[in-house]
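K.L.:
Each residue of the sequence shown is one higher than the one before, counting from 3 in the numbering used here. Just so you know, even glycine gets a beta-carbon here, dropped at the ideal spot from N, CA and C. Just passing along the structure, written as structure tokens.
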Amino acid sequence: MNRIGQHGVFRGEQHCLVVLCLTVAVAVLLDATTSSSIRAQSQSTSESTDAILFHRPPRTGDVWNGPQHRQIHGNVSRFDAEVLTVATEDGQVRNLASDQVDRVVPRWANEQAAHARRLVQQRQFRAAIPALEQAVRSGIPRWQQRLLIADLVRSVASIGKTRSAGTLFLNLAASHPPPALYADMPLCWTTQEPDVTLRDAARQWLASDDPHAQLLGASWLLSGASRGEAEAGLRRLESSSVEIVAQLARWQRRRLTPPPESLERMPTWMAERDALLGPLQLGPTEFMAERLAQTGQIELAVGQWMRIVTQHQDRYHRWQAAVEQVESALQRLGNPEQAERFQAWIDQAPQF
């Protein structure tokens with residue numbers, strides 16, 4: 003019988019499979035309702051309004067109900083680190099805290115920007131990169147520029163240029179972006195090792211005065227010879243005045259937790275992950291999935307990778323890595339038929 007943690011939070015293989023099934027089912031349902039809803043409604047109004055998907059946190063002490071997801075349409079005039087301002091269709095001006103905004107589907111200010119975004123959605127990243135660079139300079143509003151720069155970071159990372167993606171993200175961070183765009187910060191969440199070029203850049207980032215650069219550098223140096231320096235940097239960043247940096251630094255330092263202790267802490271980590279803004283859950287989920295797999299909890303790891311597959315299609319290169327992990331894990335578990343059905347489902351799944 004498998005047991006995780008001294009308190010037996012997951013009791014036995016049968017309970018593990020129940021947790022796995024619930025995790026996958028909830029992930030699929032959440033993605034199906036939120037993603038299809040915002041796609042359908044934004045398409046019907048895309049010519050005249052912006053679509054905003056946001057959430058209200060649960061009432062204090064309410065442990066049974068999660069955040070309430072809502073959607074509105076209107077004309078956004080501001081979306082930065084603090085607030086999203088939108089004139090809604092009923093004539094009201096609303097200010098939403100940016101840390102409650104999961105996603106915005108814009109009414110792009112010009113066709114150049116719309117075309118660049120379509121290339122990203124079609125996963126034509128090499129074509130998207132120059133198109134995005136030009137669209138950012140095409141006179142669109144500042145808040146739309148931030149969205150396209152995040153697309154640019156994602157596209158560059160998707161073709162394996164992590165160092166360049168990091169440099170681009172630091173430019174984005176200087177513009178005070180909304181928290182959701184930090185999902186594209188090219189941090190290391192797994193045991194991936196940097197190449198020489200990236201390692202050299204990471205050392206320079208860690209020595210910078212910019213907390214965003216320090217976080218990037220520490221993330222990529224955490225498993226090498228500079229581990230001590232990187233860990234010290236993360237400890238300092240946990241007290242950063244930039245809350246999102248402090249939050250990510252706390253998650254990054256968890257990568258140093260020994261595997262047996264990781265299993266004991268996994269339920270707490272999952273609960274804390276679930277409290278994050280939706281896009282920001284991707285990195286911690288990658289970390290926990292790999293850690294579960296490393297400690298022999300393959301079924302639970304599949305549940306976490308499936309969460310990525312169903313909820314984070316717009317981060318394609320990381321989505322693809324999760325797809326490959328699910329396929330490999332199902333084969334290792336002796337479920338080739340499940341692997342085939344999963345691949346058939348992937349082949350039919352719509353792009354984001």
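Using C-beta distances below 6 Å, list every residue in its chain close to residue 87, excluding the 5 sequence neighbours before and after it, in chain order.
P.N.:
Same-chain partners within the cutoff: 79, 80 and 97.
K.L.:
Determine the direct distance from the alpha carbon of residue 215 to that of residue 363, and round the result to whole angstroms.
P.N.:
The structure shown does not extend to residue 363, since the chain is modelled only from 3 to 354, so the question has no answer here.
K.L.:
Which residues does DSSP pair with residue 87 in a beta bridge?
P.N.:
According to DSSP, residue 87 bridges with 80 and 97.
K.L.:
Can residue 99 and residue 73 be called in contact, C-beta distance under 8 Å?
P.N.:
Not in contact: residue 99 and residue 73 (Cβ atoms no closer than 8 Å).
K.L.:
Compute the distance between the beta-carbons of residue 103 and residue 56, then report whether it is under 8 Å.
P.N.:
Taking 8 Å as the Cβ cut-off, residue 103 and residue 56 qualify as a contacting pair.
K.L.:
Check for me: the beta strand (DSSP E) holding residue 103 runs from which residue to which?
P.N.:
Run containing residue 103: 103–107, per the beta strand (DSSP E) assignment.
K.L.:
Three or more C-beta pairs closer than 8 Å, one from the region 260–267 and one from the region 197–204: is that the case here?
P.N.:
No, because fewer than three Cβ pairs between the region 260–267 and the region 197–204 fall closer than 8 Å, the two stretches do not touch.
K.L.:
Out of curiosity, what's the CA-to-CA distance linking residue 48 and residue 289?
P.N.:
Residue placement at residue 48 is poorly supported in this model, since its pLDDT is 46, which falls under 50; the coordinates still yield a value, given next. Their backbone Cα atoms lie some 36 Å apart in a straight line.
K.L.:
Can you tell me which of the three DSSP states residue 125 falls into?
P.N.:
Looking at residue 125 - three-state DSSP - the assignment turns out to be coil, as it is neither helix nor strand.
K.L.:
For residue 74, name the three-state secondary structure that DSSP assigns.
P.N.:
The answer is strand: DSSP assigns residue 74 an E or B state.
K.L.:
Starting from residue 267, trace the alpha helix (DSSP H) in both directions and tell me its first and last residue.
P.N.:
Its alpha helix (DSSP H) spans residues 261–276.
K.L.:
Can you grab the Cα-Cα spacing for the pair residue 217 / residue 92, in whole Å?
P.N.:
Going from the Cα of residue 217 to the Cα of residue 92 covers about 42 Å.
K.L.:
What separation, rounded to the nearest whole angstrom, lies between the Cα atoms of residue 298 and residue 174?
P.N.:
Residue 298 and residue 174: Cα-Cα distance of roughly 39 Å.
K.L.:
Quick check: what's the CA-CA separation for residue 50 versus residue 198?
P.N.:
Taking the straight line from one Cα to the other gives about 48 Å.
K.L.:
For residue 178 versus residue 248, is the C-beta spacing smaller than 8 Å?
P.N.:
In this structure, residue 248 does not lie closer than 8 Å to residue 178 by Cβ.
K.L.:
Note down the Cα distance separating residue 306 from residue 328, rounded to an integer number of angstroms.
P.N.:
Their Cα atoms are separated by approximately 9 Å.
K.L.:
Do residue 111 and residue 142 count as a contact pair if the criterion is CB distance below 8 Å?
P.N.:
The answer is yes: Cβ separation under 8 Å.
K.L.:
Which same chain residues end up closer than 8 Å to residue 320 when comparing Cβ atoms and leaving out the 5 residues on each side of it in sequence?
P.N.:
The answer, listed in chain order, is 284, 288, 310 and 314.
K.L.:
For residue 351, tell me which candidate among 256, 180, 334 and 316 has the shortest Cα-Cα distance.
P.N.:
Ranking 256, 180, 334 and 316 by Cα distance to residue 351 puts 316 first.
K.L.:
Roughly how far, in whole angstroms, is the beta-carbon of residue 219 from the beta-carbon of residue 208, given that I think they are within contact range, below 8 Å?
P.N.:
Between residue 208 and residue 219 the Cβ distance is about 3 Å, and since that is below 8 Å, they are a contact.
K.L.:
Need the endpoints of the beta strand (DSSP E) that residue 54 sits in, please.
P.N.:
Segment 52–58, the beta strand (DSSP E) holding residue 54.
K.L.:
In angstroms with no decimal places, state the Cα-to-Cα distance between residue 234 and residue 342.
P.N.:
Residue 234 and residue 342: Cα-Cα distance of roughly 45 Å.
K.L.:
Rounded C-beta distance between residue 183 and residue 139? I'm assuming under 8 Å.
P.N.:
About 19 Å separates the two Cβ atoms, so there is no contact after all.
K.L.:
Which runs of the alpha helix (DSSP H) spanning at least 4 residues fall entirely within the region 301–332, listed in chain order?
P.N.:
Within the region 301–332, no complete alpha helix (DSSP H) run reaches 4 residues.
K.L.:
Grouping DSSP H, G and I as helix and E and B as strand, with all else coil, what is residue 211?
P.N.:
Coil, per DSSP.
K.L.:
Any idea what DSSP makes of residue 337, helix, strand or coil?
P.N.:
If DSSP states are grouped into helix, strand and coil, residue 337 belongs with coil.
K.L.:
Using the three-state DSSP reduction, which class does residue 234 fall into: helix, strand or coil?
P.N.:
Correct three-state label for residue 234: helix.
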